[in-house]
Every structure is written in structure tokens, then in C-alpha cells.
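Reading through the C-alpha cells given below for one structure.
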Amino acid sequence: WHKGMNEKKREEIRGMRDIVVVLANAHGISLAVDVGAGKGYLSHCLGVSGLRVVAVDSNSHNTVTSLKRSCEMTQDHKSSFHAITACISSDDADCFRGVIHKKLEGEGESQERCMIVGLHACGDLSSNSLRLFANLPEIRLVCLVGCCYHKLSHGEGEGEGKGAGDGFPMSRYLQTSRVRVEEASLVLANYNAGDRVCAGEADEESDGCYRSSFFRAAFQLLWRDRLLPFAPEELRTRNPVLGRTASKYPNFLLWVRAAMIKLCVPSSCITDEEIVQLHDRLFTQLDLLRRFSALRSCLSRILESVLLFDRLCFLQEASGVAGACLLPIFESRVSPRNVAIIASKDFHVRLHHGTQVR
Numbered sequence: 006w007h008k009g010m011n012e013k014k015r016e017e018i019r020g021m022r023d024i025v026v027v028l029a030n031a032h033g034i035s036l037a038v039d040v041g042a043g044k045g046y047l048s049h050c051l052g053v054s055g056l057r058v059v060a061v062d063s064n065s066h067n068t069v070t071s072l073k074r075s076c077e078m079t080q081d082h083k084s085s086f087h088a089i090t091a092c093i094s095s096d097d098a099d100c101f102r103g104v105i106h107k108k109l110e111g112e113g114e115s116q117e118r119c120m121i122v123g124l125h126a127c128g129d130l131s132s133n134s135l136r137l138f139a140n141l142p143e144i145r146l147v148c149l150v151g152c153c154y155h156k157l158s159h160g161e162g163e164g165e166g167k168g169a170g171d172g173f174p175m176s177r178y179l180q181t182s183r184v185r186v187e188e189a190s191l192v193l194a195n196y197n198a199g200d201r202v203c204a205g206e207a208d209e210e211s212d213g214c215y216r217s218s219f220f221r222a223a224f225q226l227l228w229r230d231r232l233l234p235f236a237p238e239e240l241r242t243r244n245p246v247l248g249r250t251a252s253k254y255p256n257f258l259l260w261v262r263a264a265m266i267k268l269c270v271p272s273s274c275i276t277d278e279e280i281v282q283l284h285d286r287l288f289t290q291l292d293l294l295r296r297f298s299a300l301r302s303c304l305s306r307i308l309e310s311v312l313l314f315d316r317l318c319f320l321q322e323a324s325g326v327a328g329a330c331l332l333p334i335f336e337s338r339v340s341p342r343n344v345a346i347i348a349s350k351d352f353h354v355r356l357h358h359g360t361q362v363r
């Protein structure tokens, strides 16, 4: 089941699988709907563990890749896995029900109890899935780890019922409170400092703040002050997108040169000496950047807690939900988005690491 995964993904999938299997067994559920399934890593792992799985993703390429991966697995596990391309919307519960049931009609159990699972369900996908859980009686259990908070829709109105279909706030409690978020706050809630915050001295090879934050900040100044006039017209009105490439180059100069090639900026517009001089001038401020990253990391945890608390309140307010909780299911060093929201319509959920489910 772990074919093609890096160590981080293996740890995430293993932690999610362990808790989902325990929950499913306690509830007598054999069918899991994996929302935002991507390439099907979690879906296939759950299938190997004995669950029947419907993997749902909005990207048809991911669905094809997931089916191809399924065909590469043993024949015994193919029958427990289905993959479909669909968008998960809380506005049309009947549509969601119809898609899942139609896929299962051939197995003669299209109306059975099921659970929704999702590992790093992006943006509104998490909130839409929680609303479907609350609205559809056959969905007895949910276990979701969210991510990409910056993609959440968020209402501007005040009072109960305002922004009822938004990703935040979901709960009546926060809808009627003074808690408000802006786009920058959602971006910050998704921030992961990782090794960009380090204690004491760190060499350039191991200092994540130097490799990631400093490189990007220095390049931003270089782009604004020197490179922008030479960039293609379509790139002059927005910030350049470079991806996580800094670790692939031994120093700042080579990274900048590679970035210029990617952005179609002629190398003749600036000399190597000028790039190095900029680096050396800004390098004296690296410690300030580390402190800034540490502050952002602290605020990120607070903002994420508000978002998770809102989802927990929504489930506790929903009729028919017996219990809900928040549970870290793998180490934050493995993945910063590590808190699962778990809710049941059958049991009052009380979960601890490695313990039982009632």
C-alpha cells in the first residue's frame, strides 16, 4: 500500500488508517467514502485493511491515477475499491447520495451505513463534508484532517445564519460572536514554520529559515528593484511563483540564476557580483527573520485552533450527533496539519492515543 510514498506520506497514511479502522470496527461500518482522495493513497490503504472504499476527487486525472494504482495491487483488494470524479458540495446532499449509491448498486448494498474520511481535505471540502455528515442519516461517522485554510470561503455578515454555507464560520456560536477572519488570517493559519525556526546558530545547509524564507525575501527585493522591468509583460503585475526549489541549489546565486531562467528574465540584466552583494547586505538581518517566523508560528497555532473549534461547535450543535472531538493523530513534526475532527451519530466519542472508542 505504501508504493510511491515518501516517509512523510507513509506516516500520515499509517496514522489515519489506524484510527479509521478502530472507528469503523467500533461502529460496525464496512464502507468508507474518502473525500479529496487524490491519488488514492489512503483509500488503497483502507482497502487493504478490510474496508470497502469509494474514493472521490474533483480531478479526473487523480481518479485515473487512483484506478491505475488499484490495478497494480493484488486481485483480492480490487473489489473493495471504487474511484469517481465528483465535487463535494453541501448544497446538494441528494446528489452526493446518488453518486455513491449508484457506484455501489452492483454490490447490492447501496443504502448501507457508511463513514466519511479525508486526509488533508482542502479548503471548503472539509466543511462541506461535515455538513453532509450532519444532514445524511446513513453517514454515521466522520474522521477528517483539514488543510489549506487560506482557501476557505468566509462570510462578512453578522448574526445567526449569516454565512451559513461558508467554510468559516460554520457554527451558530461563532456566527453570533465577534470573531472575524480576513484573507491574511486564513493564510497565517496555514503557516508552517518547520525548521525555519531554529534555536541557536545553524549552518547554511541545515538552516531552513535561510534556505526558504531568506532566499524568498531577498529575491522579492531583487525582483522589485532590478528584475521586474526585464520580466515578460504577463509577469509584471503579480508576484513570481518559484515553488520549493531553494534546497536544490548549493547557494543563493545559483538559485537566483535558475529562477531567472524559469521566469524568462535575461541573465545579462544583472551581474553575479550584484546578486552576491545583495545577499551579503541582507544576510545581517537573518536573525530578525527567524524571530518573525517564530512569531508567525505561534499565531498560526492560535488561528488554526479557532478554525478547529468552530467545526467542533458546529458538530456539537447539529441534531443527531452523539459526540465529537479533536484528536492529533500523528506527530506535528511529521505533518503540521495533524488534528483530526471525529464525530459519531452512534457513540459519545472519547478518544485518546491508542485507546478505545466509546
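Position one of the sequence shown corresponds to residue 6 (the numbering used here), numbered consecutively onward. No residue lacks a Cβ here, since even glycine has one placed at the ideal position from N, Cα and C.
A residue is called buried when at least 16 other Cβ atoms come within 10 angstroms of its Cβ; Ser298 meets this threshold and is buried. Residue state for Ile144 is assigned as strand, using DSSP reduced to three classes. Comparing alpha carbon positions, the residue from Val59, Leu313 and Ala139 closest to Ala194 is Leu313. Where Ala348 is concerned, the enclosing beta strand (DSSP E) starts and stops at Val344 to Ser349. Under the three-state reduction of DSSP output, Met265 falls in the helix class. The Cβ atoms of Gly41 and Cys127 sit closer than 8 Å to each other.
In this structure, the alpha-carbon of Glu77 lies about 27 Å from that of Val150. Annotated as distal: Leu259 and Val281, with beta-carbon spacing of 8 Å or more. Here Ser272 has Arg262, Met265 and Ile266 as same chain residues with Cβ atoms under 8 Å from its own Cβ, once five neighbours each way along the sequence are excluded. In the structure shown, the three-state DSSP call for Leu317 is helix. With respect to the 8 Å criterion, Gly45 and Arg19 are not classified as neighbours on the basis of their beta carbons. By the neighbour-count definition (other C-beta atoms within 10 Å, threshold 16), Glu309 is a buried residue.
Selection Arg231, Asn256, Ala222 and Pro234 evaluated against Val246 yields Ala222 as nearest (Cα-Cα). In the three-state DSSP reduction, Leu332 falls in the strand class (E or B). A direct Cα-Cα distance of roughly 43 Å separates Ala88 from Ala236. Per the DSSP secondary-structure output, Thr90 pairs in a beta bridge with Asp62.
Beta bridge pairing from DSSP links Phe297 with no other residue.
Taking Lys350 as reference, the option from Arg338, Asp23 and Phe138 with the minimal CA-CA separation is Phe138. Residue pairing for His159: DSSP places it in a beta bridge opposite Phe173. Counting every other CB atom within 10 Å of its CB across the protein chains shown gives Arg145 a total of 16 or more, marking it as buried.
The closest CA to that of Lys253, considering only Arg216, Leu233 and Leu283, is found on Arg216. In the DSSP assignment, Ala31 falls within the unbroken alpha helix (DSSP H) covering Glu12 to His32.
For the set Leu233, Arg229, Glu238 and Phe224, the Cα lying nearest the Cα of Thr250 is the one of Phe224. For Cys50, the enclosing alpha helix (DSSP H) stretches over residues Tyr46 to Val53. Residue pairing from DSSP places Ile121 in a beta bridge opposite Val38 and Val147. Going by DSSP, Leu227 is part of the alpha helix (DSSP H) stretching over Phe220 to Leu227.
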